[in-house]
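Chemist:
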Amino acid sequence: MALSDKELKTLTEKAHQIRKDIIQTLIWSGGGHAGGALSQADILVALYYKYLNIDPKRPDWPDRDRVILSKGHGGVGYAPILADKGYFDKELLKDFNHTGSPFGMHLDGLKVKGVDASTGSLGHGLPISVGLALGARLKKKDWLTYCIMGDGEQNEGTIWEAAMAACHYKLSNLIGIIDNNKYCIDGACEDIMCIEPLGKKWEAFGWKVIDSDGHDYTKLCPAIEEAITYKDGPCVIIAHTIKGKGVDFMEDVAAWHYGGLDADKTKKAIESIDKMYANK
Amino acid sequence: MAEQVGGLTYTILDADKMTAAEIYGDVLTQIGGQRPEIVALSADLAKSTKIGKFGEKYPDRFFNVGIAEQNMFGVAAGLALAGFVPFVSTFAVFVSMRAGEQVRTDICYQKLNCKIIATHSGISFGQAGTTHHCTEDLAIIRSFANMTVIAPADGFETAKAVQASVDWKGPVYIRIGRGFEPRVYTDDKFDFTIGKAREMRPGTDVTVIACGTPLVGAVDAADFLKKNDGLSVRVINMHTIKPIDREAIEKAVMDTRRIITFEDHNVIGGLGSAVAEVIADLGKGCAFKRVGIPDEFSPVGYPDDLYHHYKLDSEGIIDTVREVMGKEFEEDEDWQDEF
Chain Z
161 MALSDKELKT
171 LTEKAHQIRK
181 DIIQTLIWSG
191 GGHAGGALSQ
201 ADILVALYYK
211 YLNIDPKRPD
221 WPDRDRVILS
231 KGHGGVGYAP
241 ILADKGYFDK
251 ELLKDFNHTG
261 SPFGMHLDGL
271 KVKGVDASTG
281 SLGHGLPISV
291 GLALGARLKK
301 KDWLTYCIMG
311 DGEQNEGTIW
321 EAAMAACHYK
331 LSNLIGIIDN
341 NKYCIDGACE
351 DIMCIEPLGK
361 KWEAFGWKVI
371 DSDGHDYTKL
381 CPAIEEAITY
391 KDGPCVIIAH
401 TIKGKGVDFM
411 EDVAAWHYGG
421 LDADKTKKAI
431 ESIDKMYANK
Chain F
3 MAEQVGGLTY
13 TILDADKMTA
23 AEIYGDVLTQ
33 IGGQRPEIVA
43 LSADLAKSTK
53 IGKFGEKYPD
63 RFFNVGIAEQ
73 NMFGVAAGLA
83 LAGFVPFVST
93 FAVFVSMRAG
103 EQVRTDICYQ
113 KLNCKIIATH
123 SGISFGQAGT
133 THHCTEDLAI
143 IRSFANMTVI
153 APADGFETAK
163 AVQASVDWKG
173 PVYIRIGRGF
183 EPRVYTDDKF
193 DFTIGKAREM
203 RPGTDVTVIA
213 CGTPLVGAVD
223 AADFLKKNDG
233 LSVRVINMHT
243 IKPIDREAIE
253 KAVMDTRRII
263 TFEDHNVIGG
273 LGSAVAEVIA
283 DLGKGCAFKR
293 VGIPDEFSPV
303 GYPDDLYHHY
313 KLDSEGIIDT
323 VREVMGKEFE
333 EDEDWQDEF
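These protein sequence lines are chains Z and F, in that order. Taking the numbering used here, I'd label the letters of the first sequence as residues 161 to 440. Taking the numbering used here, I'd label the letters of the second sequence as residues 3 to 341.
1. Does the separation of the CB atoms of V237(F) and V210(F) fall below 9 Å?
2. Can you tell me whether N213(Z) is buried or exposed? The criterion is at least 16 other CB atoms within 10 Å of its CB, across all chains shown.
3. F86(F) touches chain Z at which residues, Cβ-Cβ below 8 Å?
4. Taking Cβ to Cβ, would you say G80(F) is nearer than 9 Å to L292(Z)?
5. When the cut-off is 9 Å and only beta carbons count, does D193(F) lie next to chain Z?
6. Taking Cβ positions only, does A162(Z) come closer than 9 Å to chain F?
7. Kindly identify the DSSP beta-bridge partner or partners of G336(Z).
8. Would you call N230(F) buried or exposed, if buried means 16 or more other Cβ atoms sit within 10 Å of its Cβ?
9. What did DSSP end up calling C288(F) once you bin it into helix, strand or coil?
10. If you check the beta carbons only, do K52(F) and G181(F) fall under 9 Å apart?
11. Start and end of the alpha helix (DSSP H) containing L242(Z)?
12. Check distances from the C-beta atoms of the segment 109-125 of chain F to those of chain Z and list, in chain order, the residues that come in under 9 Å.
13. Alpha carbon to alpha carbon, how far is F194(F) from R224(Z)? Give it in angstroms, no decimals.
14. Under the rule that 16 or more other beta-carbon atoms within 10 Å means buried, what is M256(F), buried or exposed?
15. P382(Z) to W367(Z), Cα distance in whole Å?
16. Report the residue ranges of all alpha helix (DSSP H) runs contained in full by the segment 235-288 of chain F; include only those spanning at least 4 residues, in chain order.
17. For L15(F), I'd like the list of residues in its chain whose CB is within less than 7 Å of its CB, leaving aside the five on either flank, ordered along the chain.
18. For I337(Z) versus Y211(Z), is the C-beta distance shorter than 9 Å?
19. From D255(Z), S261(Z), C307(Z), pick the residue whose C-alpha is nearest to that of T279(Z); which is it?
20. List, in chain order, every chain Z residue whose beta-carbon is nearer than 7 Å to that of T31(F).
21. Which stretch, first to last residue, makes up the beta strand (DSSP E) that contains I53(F)?
22. If I measure Cβ to Cβ from M410(Z) and keep anything under 8 Å in the same chain, skipping five residues before and after, which residues do I get?
23. Give me, in chain order, the residues of the same chain whose beta-carbon lies closer than 8 Å to that of L116(Z); leave out the 5 immediate sequence neighbours on both sides.
24. Tell me which residues share the same chain as F341(F) and place their Cβ nearer than 8 Å to its Cβ, disregarding the 5 neighbours each side in the sequence.
25. If you reduce the DSSP assignment to three classes, tell me which class C116(F) lands in.
26. Any heavy atom of the ligand MN closer than 8 Å to the CB of T401(Z)?
27. Does the pairing of the segment 202-211 of chain Z with the segment 309-325 of chain Z give three or more beta-carbon distances under 8 Å?
28. Quick check: V227(Z) and L186(Z), are their CB atoms within less than 9 Å of each other?
29. Note down, in chain order, every chain Z residue with its Cβ under 7 Å from the Cβ of R37(F).
30. I'd like the span of the alpha helix (DSSP H) that includes A223(F), first residue to last.
31. So is I40(F) buried or exposed if we call it buried at 16+ other beta carbons inside 10 Å?
32. Among the residues of its own chain, which have a CB less than 6 Å from the CB of T259(Z), if the five just before and after it don't count?
33. Kindly list the residues whose CB is nearer than 6 Å to the CB of L267(Z), restricted to its own chain and excluding five residues on each side of it in sequence; keep chain order.
34. Any beta carbon of chain A sitting closer than 9 Å to that of N73(F)?
35. Quick one: does T107(F) have its CB under 9 Å from some CB of chain Z?
36. Can you pull the DSSP bridge partners for T121(F)?
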């Protein structure tokens, strides 16, 4: 499973395209959760273009791997990937956020193919993921459940209820990935409600903790592989990311948690993304 | 003298009444034998809620997630998404409020095939006090889209509701008491259809609509009033609060023009409100009274004392029917001409 140079190139090119698709979707939607969509992008690209056992032609295939985007506000960054994988026509994203559209800022699993659970209210994804992982075990199936959480979301008590349960049930078929971009809506996590020492907290709850860069595939992919092969219990990857990654005027700016783009900002955003990938 | 029964200490008198009430645990266990997709969840109340019986028989399909109700409903949602039919049981107060958002968003919004058995509803857990009473759940839960809401009257009807819920598509909320309530039915030989009210007594003077524990008092009151007051009291068992049987209510308006509702719930938002909505939609004049907990936090007390205090026992129901029948009610001459 080791990352080959060719795979690295493929993932990098895909992430480049997806970041531009996210900007395009943000324009169509009239605004969205830009910062988090860009910080989670490389995590989702790694999963969807290298690791997941899925079949977009059969979105309800019972033995597929599950992805629960517990940080449901990342929908505007998730839908372009699902479209690119072929779950639905990319053209449909032109209606994102519009009245009557199946796509809202928090994706509805009953309306958007490829979405395994409707999320949006924070702290709900990990309990659902625990249920899915228990379900896979009960059915004696080896599909995996990936739960993508936010770092601000770590404030929610239900994360820790579910963390306790996942350890109790020794759910080695459950992988948590925290998009640790260091910001929630109102500012930096450490200023609003400190979540550190995050790794020690997860360790204390009985999880194997893997610290990784959340953008560099040469680090992120081995982390995911270690989590997949770990069989003694649940595993969480704390993926260190940058909010707004790739768009220089959004990076590490809390205000870009949610925002809209005019023509000038769109041009600058695309230029910034192209510039970042020109050096890769 | 007390003995340990069902995880809590009750008097011998309670234990004597248990048999019918305990049926649901047995029924679920029986259904579990035929339906491998059924799983059960508890939050450290396996014994108190009787769902532990299923766990004893099918330990692999039973998950006691500890004292974490919000997580429990999320886990149930995940199991439903994986193709199972979870039966989840805890006290009503924890379902509707502690984990209300998980029930709404994780289960109802996703139309998941999850069945909830909420025990100790209303004031049935009398001595435990307000923290463990739940007189708000019908109001809260029936406002969740996609949810079916049932309030069975006794153990036999609970068993019927559990059976009916298995093949009923989507989430179902079954609200029961502490499990020691007196029986209304003497056996299980009666029809139970979700959404279809059951006429327990025919009547033409006044209609009493009840659900849950107060139904037994309503039936007794109707029999008493027939014998002693010559009153013809129709008693409707509105076991399904949602979807409510509009036809039965509309018929009661037209036939008896007087309706009184009795419920172990705040008078705001529960059975009485649901019935009032149907009457208001109908637009026909009708004498109407709601009896329940009058928008206050219920006090500590033995359940029987509390039911008496809130006029939800036969004596209270007799008083209320007499009061409503004694009032002037202006009959509309042009009844059939409206609308």
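Glycine residues also receive a C-beta, built at the ideal position from the N, C-alpha and C atoms. Fair warning: this is a prediction, and the values are worked out from it, not measured in the lab.
Modeler: Let's see:
1. In this structure, V210(F) lies closer than 9 Å to V237(F) by Cβ.
2. Counting Cβ neighbours within 10 Å, N213(Z) comes out exposed, since fewer than 16 surround it.
3. By Cβ distance, chain Z contributes G295, L298.
4. Yes, these two residues count as a Cβ contact at 9 Å.
5. At a cut-off of 9 Å between beta carbons, D193(F) makes no contact with chain Z.
6. With 9 Å as the cut-off, A162(Z) does not count as an interface residue toward chain F.
7. Beta-bridge pairing links G336(Z) to C307(Z), V396(Z).
8. Label assigned to N230(F): exposed.
9. DSSP places C288(F) in coil when its eight states are reduced to three.
10. Taking 9 Å as the Cβ cut-off, K52(F) and G181(F) qualify as a contacting pair.
11. The continuous alpha helix (DSSP H) containing L242(Z) extends over residues 235-245.
12. Flagged, chain order: Y111, Q112, K113.
13. Straight-line Cα distance between these residues: approximately 39 Å.
14. With fewer than 16 neighbouring CB atoms inside 10 Å of its own CB, M256(F) falls in the exposed class.
15. If I take the Cα positions, the gap works out to 18 Å.
16. Taking 4 residues as the minimum length, the alpha helix (DSSP H) runs contained wholly in the segment 235-288 of chain F are 248-258, 273-284, in order along the chain.
17. Only weak support exists for where L15(F) lies, its pLDDT of 39 falling under 50; the value from the coordinates is given anyway. Taken in chain order, the list of residues that qualify is empty.
18. In this structure, Y211(Z) does not lie closer than 9 Å to I337(Z) by Cβ.
19. Comparing Cα positions, the closest option is C307(Z).
20. Within 7 Å Cβ-Cβ: nothing; T31(F) doesn't reach chain Z, min ~18 Å.
21. For I53(F), no beta strand (DSSP E) segment is defined, and its DSSP state is neither H nor E.
22. Counting only Cβ-Cβ distances below 8 Å, and skipping sequence neighbours, we find A194, G195, L198, K403, G404, W416, G419, A429.
23. Past the edges of chain Z, shown from 161 to 440, lies residue 116(Z), and the structure says nothing about it.
24. Any reading at F341(F) needs caution, since the residue's pLDDT is 47, under 50, leaving its predicted position unreliable; the model's value is listed next. Excluding the 5 residues flanking it on each side, F341(F) has same chain C-beta neighbours closer than 8 Å at G285, in chain order.
25. In this structure, C116(F) counts as coil in the three-state DSSP scheme.
26. As for the ligand MN, it is missing from this structure, which has no ligand bound.
27. The segment 202-211 of chain Z and the segment 309-325 of chain Z do not touch, with fewer than 3 CB-CB distances between them shorter than 8 Å.
28. No, Cβ-Cβ distance for V227(Z) and L186(Z) is not below 9 Å.
29. Residues of chain Z passing the Cβ test: none, with the nearest at roughly 14 Å.
30. Secondary structure note for A223(F): its alpha helix (DSSP H) is the uninterrupted segment 216-231.
31. The Cβ neighbour count for I40(F), taken over all protein chains shown within 10 Å, is at least 16; the residue is labelled buried.
32. The answer is none, since no qualifying residue turns up.
33. Taken in chain order, the residues that qualify are G235, V275.
34. Among the protein chains in the structure shown, which are Z and F, there is no chain A.
35. For T107(F), the answer is yes, since a Cβ of chain Z falls inside 9 Å of its Cβ.
36. T121(F) is bridged to F93(F).
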